[in-house]
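Numbering follows our numbering, in which position 556 of the sequence shown is assigned residue number 949; successive positions increment by one, without gaps. For glycine and all other residues, C-beta sits at the position ideal for the given N, C-alpha and C.
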Amino acid sequence: MKRILFVLFIFISLNAFAQLQVKEGSFKYIPGGIIEDKEEYTDGNDFPMALIKVSTENISELERMRLVFTGNRETQILKEPKTGEIWIYISADPATFINIKHPDYGVIKYMLPEKLCDYCVYEMVLQYVNADAEMMTGFLVVVSEPLEADVYIDGKYNGKTVKVITDIAVGAHELEISKQGYYSVKKNVTIAAGETININETLLPTKKEISISTGQSGDKIYVDGNYAGTSPLTTNLSYGSHEIKVERAGKTISTTINVTQSGGDDGEKLAFKQEIDGHEYVDLGLSVKWATCNVGANKPEEYGDYFAWGETSAKFSYKNDNSKTYYRSMGDIKGNSSYDAATANWGGNWRMPTKAEMQELRDRCNWEWITQNGVNGYKVTGPNGNSIFLPAAGYCFWSSVSRVQKRGEYWGSTPNGVDHSSAYQLYFNGVKRKVMSYGIRYYGQSVRPVIEPVVEIEPIVPEPIVEKPLTIKKDKRFIGANLGIGSDLSAGMSVSLGADVAFPINKTLNLGGYAYFGNTGLGVGGLAVIDFKNGSSIVGGLGFALSDYYSWPDVGFKCGYKFANGIYLTYTISTEVWLFNFCYDFGRFL
């Protein structure tokens with residue numbers, strides 16, 4: 394890394410009639426001080442403001458009210474009188490100096506000793522002095538690499554580098570320059586009246602132990618381009634930004650971590666990104682997967698294209714008269730390739746996030762404002778530890794891009810249900826982030842696609858059909874008795890008594906035999922009984938027998954009723970050549 398050296402030449406002209414001055418060492422940042430109402434104290438150019446509490450010495454309450462504070466062309470200043478003080482709200486980003494004017498005490502130009510941070514609170518003391526007093530001070534300019542280091546004079550905090558002290562007392566002083574993550578520098582300086590001393594120091598970084606894991610042992614890990622070991626890895630890294638690269642089976646992933654003394658990335662979890670339709674996404678542990686890049690970008694830190702809401706291509710100018718959806722009543726456009734820029738450009742199931750999905754990202758994730766490869770934006774870390782980067786890409790209005798590196802505006806698919814000129818957007822800057830319903834539809838904004846999880850359904854494998862052997866229920870077997878009464882034309886009345894036995898063939902057919910004997914002889918025969926229904930049903934059958942001494946065949950038909958409990962009652966009408974019988978059967982299906 395090239396070392397940047399700062400050479401600062403200070404030209405100071407003193408107004409012989411000026412009787413105002415800022416007390417030496419009085420300008421200080423108030424630790425923990427913060428402007429609570431950030432919405433109110435944002436200037437007309439959308440710059441956050443800082444608060445400087447100005448107290449006075451040797452200036453009466455009436456004269457204090459006559460003080461006037463102004464800045465450069467881009468700086469806006471609001472004055473608010475307080476008891477014993479004057480509070481001035483000043484545009485933080487562009488402010489470099491303050492002009493302080495009094496109609497009787499003259500005017501001074503006070504160079505701010507440090508860059509003001511957004512919504513921070515400072516204090517300083519403004520004095521009325523004797524203009525004829527002998528000058529007994531000198532000038533000290535302190536520069537460091539890196540910048541924003543703390544400056545202490547004789548043990549007292551005096552601001553951050555670059556630090557210009559215009560009224561340091563003559564004589565010997567102890568100077569200390571320190572910054573978190575770097576070794577401090579201490580040295581002695583001697584100031585002569587009217588002399589300017591320039592101090593330029595490079596601070597050497599210290600290191601911190603960091604653990605890096607990919608979830609799979611053996612993955613190769615590189616830190617700032619140098620091989621560091623395999624996962625899981627514990628190593629010492631200097632404070633600041635580092636590039637981490639991981640290799641696994643020919644695939645590579647990389648990320649940037651920020652190592653700080655308090656908090657920061659004490660441990661880093663890396664996950665190989667997955668692709669759908671050629672576009673990478675990250676599972677943040679939310680209801681949808683978030684893409685790693687904006688539509689039109691190839692890397693997370695690239696801004697990509699800008700789209701008016703409900704339009705699918707970028708254009709040269711973004712105005713209300715060339716908008717396709719401005720003041721048009723519409724429903725949610727998610728997944729509609731005619732209006733959804735993500736679906737139209739990426740295809741498949743990629744789409745713009747809904748209001749609820751943007752709110753989920755804002756509420757359930759940790760947001761950290763970082764600089765990744767020179768681009769400002771947010772590192773958004775999900776509940777499962779995985780993260781994405783959202784660059785501060787600004788927005789397009791007419792043919793110009795505004796607020797790049799300052800804020801991001803990302804379209805959602807949900808329209809404002811009341812105001813047809815606006816739609817929901819994810820808005821953020823370095824201090825706040827929120828989902829808003831009043832994104833103007835014809836403005837050009839970024840689109841970060843999402844995709845719903847793919848639910849894998851296992852195919853249903855039918856169970857093999859196994860042919861089961863025919864089984865016969867025992868309740869189809871039956872046994873019974875028969876009683877026959879008949880008439881023989883030659884012998885008169887006849888009586889017979891016998892038994893029925895049958896065994897099942899299937900659910901309805903039983904085959905067996907019967908036997909009987911009587912005054913006409915002994916008879917045996919075959920029997921077929923058919924059970925026509927389950928439960929109560931009609932039964933029937935055919936019988937055939939050889940009987941008595943005539944050896945005539947006995948042929949008959951059996952019919953009757955089977956009750957639900959298995960008991961049956963039938964009768965058989967049979968005949969021989971000269972014999973006519975009625976035979977009643979009583980039995981039970983077993």
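Hey, quick one: how far does the beta strand (DSSP E) through residue i stretch, first residue to last?
{"i": "Met442", "result": "Met442 to Glu450"}
{"i": "Ala585", "result": "Where Ala585 is concerned, there is no enclosing beta strand (DSSP E), given that its DSSP letter is neither H nor E."}
{"i": "Ile428", "result": "First-last for Ile428: undefined, no H or E at that position."}
{"i": "Leu626", "result": "Leu626 to Ser631"}
{"i": "Ala565", "result": "Gly564 to Ser571"}
{"i": "Gly552", "result": "Lys549 to Lys553"}
{"i": "Asn492", "result": "Phe490 to His495"}
{"i": "Ser606", "result": "Lys600 to Ser606"}
{"i": "Ile669", "result": "Gln667 to Ile669"}
{"i": "Glu673", "result": "His672 to Val675"}
Using DSSP with H/G/I as helix, E/B as strand and the rest coil, what is residue i?
{"i": "Glu538", "result": "strand"}
{"i": "Asn738", "result": "helix"}
{"i": "Leu509", "result": "coil"}
{"i": "Asn769", "result": "strand"}
{"i": "Asp543", "result": "strand"}
{"i": "Asp617", "result": "coil"}
{"i": "Leu455", "result": "helix"}
{"i": "Asn715", "result": "helix"}
{"i": "Thr705", "result": "coil"}
{"i": "Asn687", "result": "coil"}
{"i": "Glu467", "result": "coil"}
{"i": "Pro784", "result": "strand"}
{"i": "Lys371", "result": "Here the chain comprises residues numbered 394 to 983, so residue 371 is not present and cannot be evaluated."}
{"i": "Met504", "result": "strand"}
{"i": "Trp480", "result": "strand"}
{"i": "Thr595", "result": "strand"}
{"i": "Arg357", "result": "With the chain running from 394 to 983 in the structure shown, residue 357 is simply not present."}
{"i": "Gly697", "result": "coil"}
{"i": "Val811", "result": "coil"}
{"i": "Asp868", "result": "With a pLDDT of only 43 at Asp868, under 50, the local geometry of the prediction cannot be trusted, and the value read off the model is given with reservation. Helix."}
{"i": "Gln798", "result": "coil"}
{"i": "Pro474", "result": "strand"}
{"i": "Val840", "result": "coil"}
{"i": "Gly622", "result": "strand"}
Just mark residue i as buried or exposed, buried being the case when its beta carbon has 16 or more other beta carbons within 10 Å.
{"i": "Gly837", "result": "buried"}
{"i": "Val811", "result": "exposed"}
{"i": "Asp486", "result": "buried"}
{"i": "Glu668", "result": "exposed"}
{"i": "Arg721", "result": "exposed"}
{"i": "Ala565", "result": "exposed"}
{"i": "Ala701", "result": "buried"}
{"i": "Ile561", "result": "buried"}
{"i": "Arg834", "result": "buried"}
{"i": "Ser716", "result": "buried"}
{"i": "Gln573", "result": "exposed"}
{"i": "Glu432", "result": "exposed"}
{"i": "Tyr696", "result": "buried"}
{"i": "Asp430", "result": "exposed"}
{"i": "Asp868", "result": "Its pLDDT being 43, under 50, Asp868 is placed unreliably by the model, and the measurement read from it follows with that caveat. Per the 10 Å Cβ criterion, exposed."}
Which two residues bound the contiguous alpha helix (DSSP H) that contains residue i?
{"i": "Asp756", "result": "Lys748 to Arg757"}
DSSP beta-bridge partners for residue i?
{"i": "Val681", "result": "Its beta-bridge partners do not exist; DSSP assigns none."}
{"i": "Ser793", "result": "Phe790"}
{"i": "Ile558", "result": "Leu533"}
{"i": "Trp804", "result": "Gln818"}
{"i": "Gly418", "result": "Note: Gly418 sits in no beta bridge, so no partner."}
{"i": "Thr648", "result": "Ile637"}
{"i": "Leu413", "result": "Tyr521"}
{"i": "Thr764", "result": "Asn769"}
{"i": "Asn581", "result": "Glu567"}
For residue i, which residues from the same chain have a beta carbon less than 6 Å from its beta carbon, with the 5 sequence-adjacent residues on both sides left out?
{"i": "Thr627", "result": "Ser604"}
{"i": "Thr807", "result": "Asp725, Thr747, Lys748 and Tyr817"}
{"i": "Arg641", "result": "Asp612"}
{"i": "Glu456", "result": "none"}
{"i": "Arg744", "result": "Lys727, Gly728, Asp733, Ala735 and Thr736"}
Whose C-beta lies closer than 7 Å to the C-beta of residue i among residues of the same chain, with five residues either side of it excluded?
{"i": "Glu454", "result": "none"}
{"i": "Ser634", "result": "Thr649 and Asn651"}
{"i": "Gln412", "result": "Tyr498, Gly499, Tyr521, Val522 and Ala524"}
{"i": "Val773", "result": "Leu754, Cys758, Trp760, Ser780, Ile781 and Leu783"}
{"i": "Gly801", "result": "Gly770, Leu783, Pro784, Ala785, Ala786, Phe821 and Ser839"}
{"i": "Met394", "result": "Residue confidence for Met394 is low, a pLDDT of 37 falling below 50, so the modelled location carries little weight and cannot support an answer."}
I'd like the list of long-range same chain contacts for residue i, defined as Cβ closer than 8 Å, with 5 residues on each side in sequence excluded.
{"i": "Asn777", "result": "Asp676, Leu677 and Gly678"}
{"i": "Gln752", "result": "Val828"}
{"i": "Trp791", "result": "Ser710, Tyr711 and Lys712"}
{"i": "Ile637", "result": "Ile605, Ile614, Tyr615, Val616, Ser647, Thr648, Thr649, Ile650, Glu661 and Leu663"}
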